[in-house]
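**Q** First the structure, then my questions, so here it is.
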Amino acid sequence: FVSNQIEEATQEVIHLLEQFAGLTREHFEPVLYKKYHKDAVRHLLCVASSLDSMVIGENEIVGQVKEWYRWATQHETTGTILNKLFHQAFRTAKRVRTETEIARNPLSIAFIAVELAKKIFEDLSKQSVLLIGAGEMAELILKYLTKFKIGSVTLANRSIHNAQRIASEINQDATIITLAEIMESIPNVDIIISSTGAHHYMLTKDMIQEAMKKRTQPVFLIDIAVPRNIDPEAGNIHDVFLYNIDDLKSIADENLKSRLNETKLAYEMIDADTEEFLHWYESLQIVPLIAKIKESFETIRNNELKKYRRRKLKHLNNEDFAIIEELTHQIMTKTLHIPITYLKELGANANSKEAKEKAKLLQEIFKL
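Numbering (this note's numbering), first residue to last: 705 to 1072.
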């Protein structure tokens, strides 16, 4: 929020939180933190840039910030300062996302699984996948496969209804089969991803070996189930490439280290953009003084022109008088250029003692 009465405004916000949550402040004040001025600006930039998230670098956060900002503007609860601040936050988030590697190495096991498949086959639109299981992880994987425009999907699950529901919700055409029909599908797919809760191997070494006799192309297996769904020995078969949950977690850990290494550069960007915004904000304190000076000079100019037109310039027609008006306006603008430029430079440090003293002196000089 923006307010000249910080404590009163803070209490009002806490009261609104009580009403919204239906709780008294005693319930949430222990975990409530308050940030003001520079700290508040920096915090928003960190949040929008996904440096304050449980998963550093996740892309969803800035979208959520934009959504709530859009709501606020629609309800006319923002003004010049908050509008400027949020747009600064969006620019900073974009810089962090595009100029660092912080969001480029995935941490989601489901996304890493699909990324591995994409690296091996490059163009997933030409590949077919068999997805075994219809739980949350399978649903996430199917979403990512759909995003990368997978060629065809076969979804195997104990419950046909659940498999159909997931495919329908994601709007992905899929061939739905039972677990008993898996063996028939294996020779016809390029990628197999298994994520069931079964306590036995869904795919044994013998099953994969038998299926590979009917294939001339490699097959990529990803086992993200705990306990494992695919016999680890299957990875020793020629043209079979097997990754399990431990492999994916190892990749996720390395990606997290990479993201953390990028946070130093991201924080430097945030600190620089925070200072840039604060310079703009502090300069606003000089803006009214500049406006008053311009208004004072403009009033004098207009009064003198009216006086001279009545007395000494009555013979001029409207066209000639318009030229004199333009001339006097240009003289005034050029006369004020140096002091106004000086004031704008002063505005960058408007909160300093020296800046305040100089601003006060100018007010006295111009009797404002």
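Just so you know, even glycine gets a beta-carbon here, dropped at the ideal spot from N, CA and C.
(1) Go to Ser1091, then tell me how far its beta strand (DSSP E) extends in each direction, as first and last residue.
(2) Tell me the DSSP bridge mates of Asn948?
(3) Might you give, ordered along the chain, the residues of its own chain that have their beta carbon closer than 7 Å to the beta carbon of Asn1022, omitting 5 neighbours on each side?
(4) Output needed for Leu952: all residues of its chain with C-beta closer than 7 Å, excluding positions within five of it in sequence on either side, in chain order.
(5) With three or more C-beta pairs closer than 8 Å as the rule, is the region 750-769 touching the region 790-798?
(6) Is there at least one Cβ from chain C nearer than 8 Å to Val717's Cβ?
(7) Only counting the same chain, and skipping five residues up and downstream in sequence, which positions put a Cβ closer than 7 Å to that of Lys970?
(8) Quick check on this structure: which residue in Glu711, Met887, Leu1072 has the alpha carbon closest to the alpha carbon of Lys918?
(9) Taking 8 Å as the threshold, find out whether the region 927-942 comes into contact with the region 899-918 through three or more Cβ pairs.
(10) Counting only runs that start and end within the region 778-817, where is the alpha helix (DSSP H) found for 4 or more residues in a row?
(11) Using the Cβ count rule (16 or more neighbours within 10 Å means buried), how would you classify Ala884?
(12) Give the DSSP-derived three-state secondary structure of Leu1047 in the structure shown.
(13) Determine, using beta-carbon pairs with one atom in the region 854-864 and one in the region 818-834, whether at least three such pairs fall under 8 Å.
(14) So, helix, strand or coil for Leu1084, using DSSP?
(15) Please list the terminal residues of the continuous alpha helix (DSSP H) segment that includes Val751.
(16) What ranges does the alpha helix (DSSP H) occupy inside the region 990-1021, keeping only unbroken runs of at least 4 residues that lie completely in it?
(17) Select from Asn933, His779, Leu748 the residue whose C-alpha is nearest the C-alpha of Val766.
(18) Would you mind giving the Cβ-Cβ distance between Lys742 and Thr978, rounded to the nearest angstrom? I have them listed as a contact below 8 Å.
(19) Could you work out which residue in Phe825, His779, Gln778, Arg746 is closest to Leu789 when comparing CA atoms only?
(20) Could you spell out where the beta strand (DSSP E) holding Ala860 opens and where it closes?
(21) Does DSSP put Leu988 in a helix, a strand or coil?
(22) Between which two residues does the beta strand (DSSP E) containing Leu835 stretch?
(23) So is Gly837 buried or exposed if we call it buried at 16+ other beta carbons inside 10 Å?
(24) What does the alpha-carbon distance come out to for the pair Tyr1012 and Glu1029?
(25) Quick one, which of Thr920, Pro931, Asn892 has its alpha-carbon nearest His904's?
(26) Quick one: is the Cβ of Gly901 within less than 7 Å of any heavy atom of the ligand FAD?
(27) Could you tell me the distance, in whole angstroms, from the CA atom of Trp984 to the CA atom of Glu972?
(28) Which residues does DSSP list as the beta-bridge partners of Ile881?
(29) For Phe1070, is the classification buried or exposed, using 16 other Cβ atoms within 10 angstroms of its Cβ as the cut-off for buried?
(30) Consult DSSP for Leu820 and reduce its assignment to one of helix, strand or coil.
(31) Taking its Cβ as the centre, do 16 or more other Cβ atoms sit within 10 Å of Ile897, making it buried, or is it exposed?
(32) Counting only the same chain and skipping the five closest in sequence on each side, list residues whose C-beta sits under 6 Å from that of Ser889.
(33) Report back the beta-carbon spacing between Asn933 and Thr900 to the nearest angstrom; my notes put them in contact at under 8 Å.
(34) Can you give me the C-alpha to C-alpha distance between Val991 and Leu846, rounded to a whole angstrom?
(35) From which residue to which residue does the alpha helix (DSSP H) around Ala842 run?
(36) Hey, how far is the Cα of Ile974 from the Cα of Asn787?
**A** By the coordinates alone:
(1) Residue 1091 lies beyond the stretch modelled for the chain, which goes from 705 to 1072, so this question has no answer here.
(2) Looking at the DSSP output, Asn948 bridges to Asp927.
(3) Taken in chain order, the list of residues that qualify is empty.
(4) If the five residues before and after Leu952 are omitted, its C-beta is found closer than 7 Å to the C-beta atoms of Ile813, Ile816, Ala817, Ile928, all from its own chain and listed in chain order.
(5) Yes: the two stretches touch, three or more of their Cβ pairs being nearer than 8 Å.
(6) Annotation note: the requested chain C is absent from the structure, which comprises a single protein chain.
(7) It is Ala, not Lys, that sits at residue 970 in the sequence shown. Ser753, Leu755, Val800, Thr804, Ile806.
(8) Comparing Cα-Cα distances from Lys918 to each of Glu711, Met887, Leu1072, the minimum goes to Met887.
(9) Taking a cut-off of 8 Å for Cβ pairs, the region 927-942 and the region 899-918 touch, as three or more such pairs fall below it.
(10) Runs found: 784-803.
(11) If you draw a 10 Å sphere on the C-beta of Ala884, you find fewer than 16 other C-beta atoms in it, and that means exposed.
(12) Leu1047 falls in the helix class under three-state DSSP.
(13) Flag = yes, the region 854-864 and the region 818-834 touch.
(14) This structure leaves residue 1084 out entirely; the chain is present only between 705 and 1072.
(15) Following the DSSP letters along the chain, one finds Val751 inside the alpha helix (DSSP H) bounded by residues 741-752.
(16) For the region 990-1021, the full-length alpha helix (DSSP H) segments reaching 4 residues or more read 991-1015 along the chain.
(17) When only C-alpha atoms are compared, the closest one is Leu748.
(18) Rounded, the Cβ-Cβ distance is 6 Å, consistent with contact.
(19) Checking every option, the nearest Cα to that of Leu789 belongs to Arg746.
(20) Where Ala860 is concerned, the enclosing beta strand (DSSP E) starts and stops at 856-860.
(21) Correct three-state label for Leu988: coil.
(22) Going by DSSP, Leu835 is part of the beta strand (DSSP E) stretching over 832-836.
(23) Looking at its Cβ environment, which holds 16 or more other Cβ atoms inside 10 Å, Gly837 is buried.
(24) One C-alpha to the other measures close to 11 Å.
(25) The shortest C-alpha separation from His904 is found at Pro931.
(26) With respect to the ligand FAD, the structure shown offers nothing to examine, as it has no ligands at all.
(27) Near 19 Å, if we compare the C-alpha coordinates of Glu972 and Trp984.
(28) Partner(s): Ala860.
(29) The residue is exposed, with fewer than 16 neighbouring Cβ atoms inside 10 Å.
(30) For Leu820, the three-state secondary structure derived from DSSP is helix.
(31) With 16 or more other Cβ atoms within 10 Å, it is buried.
(32) Spatial neighbours of Ser889 in its own chain (CB-CB distance under 6 Å, excluding positions within 5 residues in sequence) are listed in chain order as Leu834, Thr858.
(33) Contact holds; Cβ gap of about 6 Å.
(34) When rounded, the distance between both Cα atoms is 55 Å.
(35) Segment 840-851, the alpha helix (DSSP H) holding Ala842.
(36) Rounded to the nearest angstrom, the two C-alpha atoms are 18 Å apart.
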